[in-house]
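Visitor: Residue numbers (my numbering): 18 to 147. The structure under discussion is supplied below as structure tokens; questions concerning it will follow.
Put into structure tokens, the structure is as follows:
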């Protein structure tokens, strides 16, 4: 199994640099024949940020592409259920994907809430002011 960095995952998903895209796709293909690829939560967060900020993709498109990728049996995540719930919240609400993933991990760790100054998140379940 090979872990992917954000820049490799983005090149795999976005065909904006043909040479790097070919290399990223070849690496993923080789990795799927050798146990698959690992995508960390940090890489997921960074990828969502890059796709939304640098490429200005809509949330629905980002979630659709990454959900398809994450459903592949060759892709391993540290917590696939948490990622899926975070994608659902990100697609339907106003907060950042990373915030929803933080909430998922906090709940799994037994935390009652996530303290935040983010006013948008304070309107949602699982977030409270400090």
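Note that beta-carbon positions come from the ideal geometry of N, C-alpha and C, so glycine has one too.
(1) Does the Cβ of residue 41 have 16 or more other Cβ atoms within 10 Å, making it buried, or fewer, making it exposed?
(2) Along the chain, which unbroken stretches of the beta strand (DSSP E) at least 3 residues long are found entirely within the stretch 35-92?
(3) May I ask which residues mark the beginning and end of the alpha helix (DSSP H) holding residue 23?
(4) Residue 142 lies in the alpha helix (DSSP H); which residues open and close that run?
(5) Under three-state DSSP, which class holds residue 126?
(6) Find out if the Cβ-Cβ distance for the pair residue 21, residue 56 is shorter than 7 Å.
(7) Beta-carbon separation of residue 112 and residue 130 under 7 Å?
(8) Among 100, 33, 109, which residue has its Cα nearest to the Cα of residue 120?
(9) Name the two residues that bound the continuous alpha helix (DSSP H) containing residue 134.
(10) Between which residues of its own chain and residue 19 is the CB-CB distance below 6 Å, once the five residues before and five after are set aside?
(11) Indicate whether residue 26 and residue 64 have their beta-carbon atoms separated by less than 7 Å.
(12) Where does residue 134 land, buried or exposed, given buried means 16+ other C-beta within 10 angstroms?
Guide: In terms of the structure at hand:
(1) Mapped onto the chain shown, residue 41 falls at position 24. So residue 41 counts as buried.
(2) Taken in chain order, no unbroken stretch of beta strand (DSSP E) lies wholly in the stretch 35-92 with a span of 3 residues or more.
(3) Position 6 of the chain shown, counting from 1, holds the residue named residue 23. Per DSSP, residue 23 belongs to the alpha helix (DSSP H) from 23-30.
(4) Position 125 of the chain shown, counted from the first residue, corresponds to residue 142. Per DSSP, residue 142 belongs to no alpha helix (DSSP H) and is neither H nor E.
(5) Numbered from its first residue, the chain shown carries residue 126 at position 109. Residue 126 sits in coil when the DSSP states are folded into three classes, being neither helix nor strand.
(6) Position 4 of the chain shown, counting from 1, holds the residue named residue 21. Position 39 of the chain shown, counting from 1, holds the residue named residue 56. With contacts defined as CB atoms closer than 7 Å, residue 21 and residue 56 qualify as a contacting pair.
(7) Taking the chain shown and counting its residues from 1, the one referred to as residue 112 is at position 95. Taking the chain shown and counting its residues from 1, the one referred to as residue 130 is at position 113. Going by beta carbons, residue 112 and residue 130 fall outside the 7 Å limit.
(8) Taking the first residue of the chain shown as 1, we reach residue 120 at position 103. From the listed residues 100, 33, 109, the smallest Cα separation to residue 120 is found for 100.
(9) On the chain shown, residue 134 is found 117 positions in, with the first residue counted as 1. Segment: none, residue 134 is in no alpha helix (DSSP H) and carries neither H nor E.
(10) Residue mapping note: residue 19 aligns to position 2 of the chain shown, counting from 1. Taken in chain order, the residues that qualify are 48, 54.
(11) Numbered from its first residue, the chain shown carries residue 26 at position 9. Numbered from its first residue, the chain shown carries residue 64 at position 47. At a Cβ-Cβ threshold of 7 Å, residue 26 and residue 64 count as neighbours.
(12) The sequence position of residue 134 within the chain shown is 117, counting from 1. By the neighbour-count criterion, in which a residue is buried when 16 or more other Cβ atoms sit within 10 angstroms of its Cβ, residue 134 is exposed.
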